[in-house]
Amino acid sequence: MKQLLPYASKPVYEVEPFQPRPLRARRTESMRRLISWSLGCFLMLLASSAMASVILGPKANTLPNATFRVLPNGTDAKAEVKLVPAASLRGKPIALLYWKVGDSKSETELKVFQKLATLPTYKGKVHFLSAVKASSAADIKAATKRIRELKLSIPTVMDRNQLAPYLEAWFGFPRYGLVDKDGRIVVWHVAHLTETIGPNYTFMKALQQLAAGKKVPAMRGTTKLKNTHQLIGKKIPNVGLNDEQGKATTTMKYHKGKPLLLAFWSVTCPHCRQVIPVVGKYWHARKGNVDLVTITRAPSDSLKKMIRDLFKEKGFSWGVSYAPENATLGFFNIVKVPTVILADKKGIIRYVWIQPDAKWIEGAIESALVTLAP
842 MKQLLPYASK PVYEVEPFQP RPLRARRTES MRRLISWSLG CFLMLLASSA
892 MASVILGPKA NTLPNATFRV LPNGTDAKAE VKLVPAASLR GKPIALLYWK
942 VGDSKSETEL KVFQKLATLP TYKGKVHFLS AVKASSAADI KAATKRIREL
992 KLSIPTVMDR NQLAPYLEAW FGFPRYGLVD KDGRIVVWHV AHLTETIGPN
1042 YTFMKALQQL AAGKKVPAMR GTTKLKNTHQ LIGKKIPNVG LNDEQGKATT
1092 TMKYHKGKPL LLAFWSVTCP HCRQVIPVVG KYWHARKGNV DLVTITRAPS
1142 DSLKKMIRDL FKEKGFSWGV SYAPENATLG FFNIVKVPTV ILADKKGIIR
1192 YVWIQPDAKW IEGAIESALV TLAP
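Heads up: the sequence shown runs through residues 842 to 1215, numbered per the working numbering.
Have a look at this one:
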């Protein structure tokens, strides 16, 4: 574009003729922009979903709207596999035990599980179902034979991966699950009946509450014989730590005759960065009544720098201790972070919160401390 009258009060330009880009080039550019925009949206959605999963913790799935192949019982030699719609099971809670043919541990649990079904607490109030993988006719034949040998009296689902993904029953057996009367799978990935699966919650307690018509929060089992909840009622493990200066110390040195909060976390965990500041803020307001130690693993200088920068940026005033080895965390059976523990004046662990929500952890600690008051 060339200016024709440079000294005019308003510039006058010679307009160059418009030369449109080739149609093919415009289409290619439009397609490139569309793909870029779509990819960006997908990545944002994926990140949001992952973040929600980290922050909000377990989320209950719904029993699939499928038709199950079910052998009614193993006590009748003439019983045949029937088709049972999942929708027909709604209205009552369901207790599930996923097992494996020939697995001695699974089959031992089955004997106890079917006895539970006959107890007055559950009879007529809860559907008891066992489930076994049976993707082929040969699988069904082998499972049916074993069910009859065991004289299993409860119905068994011949599962074609309709239930296994929801109970996370792939490698380890048995796996227990609970479904509420509305079809929500509220408890899953549980290895045994007495497993502790949440604050003051065992699998059996959750089953009893569902049988009584009460609601149960979504809880995923740890499938370990030990987890942090099982330390309740025991003394704080006195294990080695390093303080902020790198000097050796122990957990019990932080216990000075007051209730003690131990908060296990990771600086790279988004959920931890939501919860730990709330715990620290609570301690700052109540530090005359309770002590606090936050414990993390920081094997590299870069992670320690991240922690120092975070504390400086946010103005956090409580101390940080470092667990020098995984074995240190193992004494507390830490399976997920953040985990917050409250011990009483005598150093006895009274409350445990695994992956608590930042919205309610402060109120939970306050309520717990009230129960510890003399």
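Note that beta-carbon positions come from the ideal geometry of N, C-alpha and C, so glycine has one too.
Below-8 angstroms beta-carbon distance, residue i vs any chain B residue
i	result
LEU1048	Absent from the structure: chain B. Only one protein chain is present.
DSSP state of residue i mapped onto helix, strand, coil
i	result
ALA1184	strand
SER1162	strand
ILE1202	helix
THR962	coil
LYS952	helix
ILE1073	coil
PRO1118	helix
TRP1194	strand
ILE1220	Because the chain spans 842 through 1215 in this model, residue 1220 falls outside it and cannot be assessed.
ILE1175	coil
HIS1125	helix
HIS1033	coil
LEU1213	helix
LYS1055	coil
VAL853	At VAL853, the pLDDT of 46 sits below 50, so the modelled position is not reliable; the number obtained from the coordinates is stated separately. VAL853 falls in the coil class under three-state DSSP.
ALA1005	helix
THR1169	helix
Which residues DSSP lists as bridging residue i, in chain order
i	result
THR903	ARG1025
ASP980	Answer is none; ASP980 lacks a bridge partner.
ASN1083	ALA1089 and TYR1163
THR997	LEU912 and SER971
TRP786	Outside the displayed span of the chain (842 to 1215) sits residue 786, for which this structure offers no information.
ALA1276	Outside the modelled stretch of the chain, which goes from 842 to 1215, sits residue 1276, for which no answer is possible.
ILE935	HIS968 and VAL1020
TYR1042	GLY1039
LYS1301	For the chain, the structure presents residues 842 to 1215; residue 1301 sits outside this window and is missing.
PRO926	THR908
ILE1189	LYS1076
VAL1061	First, the residue type needs correcting, since residue 1061 is Arg and not Val in the sequence shown. Answer is TRP1029.
Residue i to residue j span [Cα, whole Å]
i	j	result
LEU897	ARG1114	Caution applies to LEU897, whose pLDDT of 36 falls short of 50 and renders its modelled position unreliable; the model cannot decide the point.
GLN1196	THR916	44 angstroms
TRP940	PRO1015	5 angstroms
GLY1062	SER947	17 angstroms
LEU957	ILE1077	35 angstroms
LEU1008	PHE954	16 angstroms
ALA979	GLY943	15 angstroms
ILE1148	VAL1108	6 angstroms
VAL1178	GLU921	47 angstroms
ASP1142	VAL925	58 angstroms
ILE988	LYS982	10 angstroms
THR1135	PRO1118	10 angstroms
ALA907	LYS923	13 angstroms
ARG1001	TYR1192	40 angstroms
LEU1066	LEU1034	Low confidence applies to LEU1066: its pLDDT is 45, below 50, so where it sits in the model is not reliable enough to give any reading.
LEU1170	LEU930	42 angstroms
THR959	SER994	10 angstroms
GLY1098	ALA1053	41 angstroms
SER977	LEU1004	16 angstroms
LYS1075	ALA972	37 angstroms
PRO905	ALA1209	38 angstroms
ILE935	ASP1132	43 angstroms
LYS1055	LEU1048	10 angstroms
LYS992	TRP1194	41 angstroms
THR821	LYS933	As shown, the chain starts at 842 and ends at 1215. That puts residue 821 outside it, with no answer to give.
MET1093	GLY1121	19 angstroms
MET1060	THR1212	25 angstroms
ALA928	LYS952	27 angstroms
ASP1198	ARG873	41 angstroms
LYS919	ILE1026	32 angstroms
Buried or exposed by the 16-neighbour rule on C-beta atoms within 10 Å, applied to residue i
i	result
TRP1029	buried
ASN1174	buried
HIS1096	buried
GLU1036	buried
THR997	buried
GLU1207	exposed
TRP1124	buried
LEU887	For LEU887, the predicted model reports a pLDDT of 46, less than 50, meaning its position is unreliable and no value from the coordinates is stated.
GLU990	exposed
GLY965	exposed
ARG1138	buried
THR985	buried
ALA1214	exposed
GLY1024	buried
GLY1129	exposed
ALA1126	exposed
Proximity test, residue i beta-carbon vs the ligand MN heavy atom, cut-off 7 angstroms
i	result
VAL1161	No copy of the ligand MN occurs in the structure displayed, which carries no ligand at all.
On the three-pair Cβ rule with 8 angstroms, is the segment 1098–1105 touching the segment 1181–1195?
-> yes
Is the segment 1106–1125 close to the segment 1081–1090, with three or more CB pairs under 8 angstroms?
-> no
Okay, do the segment 1154–1167 and the segment 1042–1053 touch, 3+ Cβ pairs below 8 angstroms being the bar?
-> no
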